[in-house]
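S.K.: Read in order, the letters of the sequence shown correspond to residues 3 to 286 in our numbering. Built from N, CA and C at the ideal position, the CB exists for glycine as well. Questions regarding the structure given below will be posed in turn.
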Amino acid sequence: MFDVFLRGLTVAVIAIVFSISLTAQVPAATASPTPAASPTPSPSPSPTPAPITAEMVASGNLTVEQIAELSIATYGFPNGRATLNQIRKTAVERGKVIITTGDGQKDTATYQRWFLRPETGAGKTRLDQQFPNAKYSLIHDGAEIFGVFNDSSFVPREDASTVFQNQLLHSIDAFHRYTENGSQFVSGGREKILGVDHHVLDMTDKQGRKTKYFLSAKSFRIMMLEYESGGVTYRRKFYDNRFAQGTLVPYRSVLMVGDKVLEEVLVGTITYGQKVDDGLFVKP
């Protein structure tokens with residue numbers, strides 16, 4: 003019942019947003035005693051975008067931008083992007099990650115992640131991971147990726163840097179910040195997966211990197227994303243959505259190649275809006 007109520011309110015909120023008139027003003031004609039020989043036609047007013055209605059949502063007759071904005075409104079209910087931008091300028095996340103190695107063994111680590119998100123452009127991220135026999139950090143300072151071990155910086159292996167970067171580029175957060183990052187969407191149509199109807203949106207960022215998002219056609223939550231890296235297609239699935247400080251967060255995600263699970267992330271706690279020291283993202 004709550005999901006039905008939430009979807010109804012979400013549609014209402016977005017309908018208000020999209021119903022705001024963007025009609026261009028037509029300049030008034032200036033009186034002249036002598037008629038112009040070749041009068042210049044006045045520009046036609048721009049059409050007012052049609053509001054999103056419950057019927058449009060039910061039929062799926064939506065533009066890619068409307069689908070994206072409905073999803074953002076769902077995660078930052080009730081004010082959508084404004085809520086997310088206000089609350090998620092900083093984030094501190096703690097949890098557990100389970101990694102399946104090439105020989106099928108599972109390594110478990112605790113992690114702590116810090117984010118700094120500017121209004122536009124690249125943010126900063128630090129990931130600390132504590133394995134039974136090692137502890138190290140991977141940091142993206144907005145320009146480059148480097149590692150820290152025993153208070154000394156190092157250059158991570160290429161595969162480790164790629165995995166870390168993929169976590170940032172192919173994510174729900176990248177979807178939510180598509181306008182800030184200059185990314186573009188095109189429609190991938192609709193697809194049924196295990197009997198569930200999905201909107202499919204293909205996002206391309208300014209560097210030409212692509213991510214395919216699968217959104218529930220009913221709730222507009224991102225159920226899964228897909229991307230290619232090194233000739234391999236990866237899928238990350240999202241589960242256990244809960245509200246944290248008024249924004250929706252999946253507390254469990256699973257990264258897969260085909261039917262093989264590579265990584266499972268279990269969020270323990272996540273806090274937004276705390277002061278995050280910029281020194282966390284500086285090389286020692």
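Smallest Cα separation from Arg-192: which of Val-267, Pro-134, Lys-220?
M.R.: It is Lys-220 whose Cα lies nearest to the Cα of Arg-192.
S.K.: At which residues does the beta strand (DSSP E) containing Thr-122 begin and terminate?
M.R.: Per DSSP, Thr-122 belongs to no beta strand (DSSP E) and is neither H nor E.
S.K.: Please look up how many angstroms separate the CB atoms of Phe-240 and Tyr-215, rounded, as I've assumed it's under 8 Å.
M.R.: In fact, because the Cβ distance is near 10 Å, the residues do not count as touching under 8 Å.
S.K.: Got a sec, what are the start and stop residues for the alpha helix (DSSP H) Thr-70 sits in?
M.R.: At residue 70 the sequence reads Ala, which differs from the Thr that was named. 66-77 is the extent of the alpha helix (DSSP H) around Ala-70.
S.K.: Buried or exposed for Pro-286, going by 16 or more other Cβ atoms inside 10 Å?
M.R.: So Pro-286 ends up on the exposed side.
S.K.: So if DSSP puts Ala-111 in a beta bridge, which residue, or which two residues, is it bridged to?
M.R.: Answer is Val-99.
S.K.: Apart from the five residues on each side of it in sequence, which residues of its chain come closer than 6 Å, Cβ to Cβ, to Asp-143?
M.R.: Answer for Asp-143: Lys-126, Phe-283, listed in chain order.
S.K.: Hey, quick one: how far does the beta strand (DSSP E) through Leu-217 stretch, first residue to last?
M.R.: Counting along the chain, the beta strand (DSSP E) containing Leu-217 begins and ends at 212-218.
S.K.: My parser needs the beta strand (DSSP E) runs of 3 or more residues fully inside the region 154-242; what are they?
M.R.: 154-156, 186-195, 198-206, 212-218, 224-231, all fully within the region 154-242.
S.K.: Across which residues does DSSP place Thr-273 in a beta bridge pair?
M.R.: Partner(s): Val-94.
S.K.: In the structure shown, what three-state DSSP assignment does Asp-143 receive?
M.R.: In this structure, Asp-143 counts as coil in the three-state DSSP scheme.
S.K.: Three-state secondary structure (DSSP) at Asp-130?
M.R.: In the structure shown, Asp-130 sits in a strand (DSSP, three-state: E or B).
S.K.: Since Thr-249 sits in a beta bridge, which residues does DSSP pair it with?
M.R.: The partner list for Thr-249 (beta bridge, DSSP) reads Ala-246.
S.K.: What first and last residue would you give for the alpha helix (DSSP H) that runs through Asn-87?
M.R.: That run of the alpha helix (DSSP H) goes 83-89.
S.K.: What distance in whole Å lies between the Cβ atoms of Phe-133 and Asp-109, which are believed to be in contact at a cut-off of 8 Å?
M.R.: Yes, Asp-109 and Phe-133 are in contact; Cβ-Cβ is about 6 Å, under 8 Å.
S.K.: So His-172 and Tyr-229 are in contact, right, with Cβ under 8 Å, and what is the actual spacing, rounded?
M.R.: Correct: roughly 4 Å between the Cβ atoms.
S.K.: If the criterion is Cβ atoms closer than 9 Å, does the pair Val-256 and Val-66 meet it?
M.R.: Not closer than 9 Å, so no.
S.K.: Please report the distance separating the alpha-carbon of Asp-199 from that of Ile-74.
M.R.: In a straight line, the C-alpha of Asp-199 is about 19 Å away from that of Ile-74.
S.K.: Thr-213: which of Ser-185, Ile-195, Phe-222, Arg-223 sits nearest, CA to CA?
M.R.: The candidate whose alpha carbon is nearest that of Thr-213 is Ser-185.
S.K.: With distance defined between alpha-carbon atoms, name the residue in Val-234, Glu-182, Trp-116 nearest to Val-278.
M.R.: Selected option, being the one with the closest Cα: Trp-116.
S.K.: In the DSSP assignment, what residue or residues form a beta bridge with Gly-149?
M.R.: Bridge partners of Gly-149: Leu-140, Phe-156.
S.K.: Below 8 Å CB to CB, which residues in the same chain sit around Pro-158 once its five sequence neighbours on both sides are set aside?
M.R.: If we look at Pro-158 and ignore the five residues flanking it on each side, its Cβ neighbours are Leu-140, Ile-147, Phe-148, Gly-149, Phe-166.
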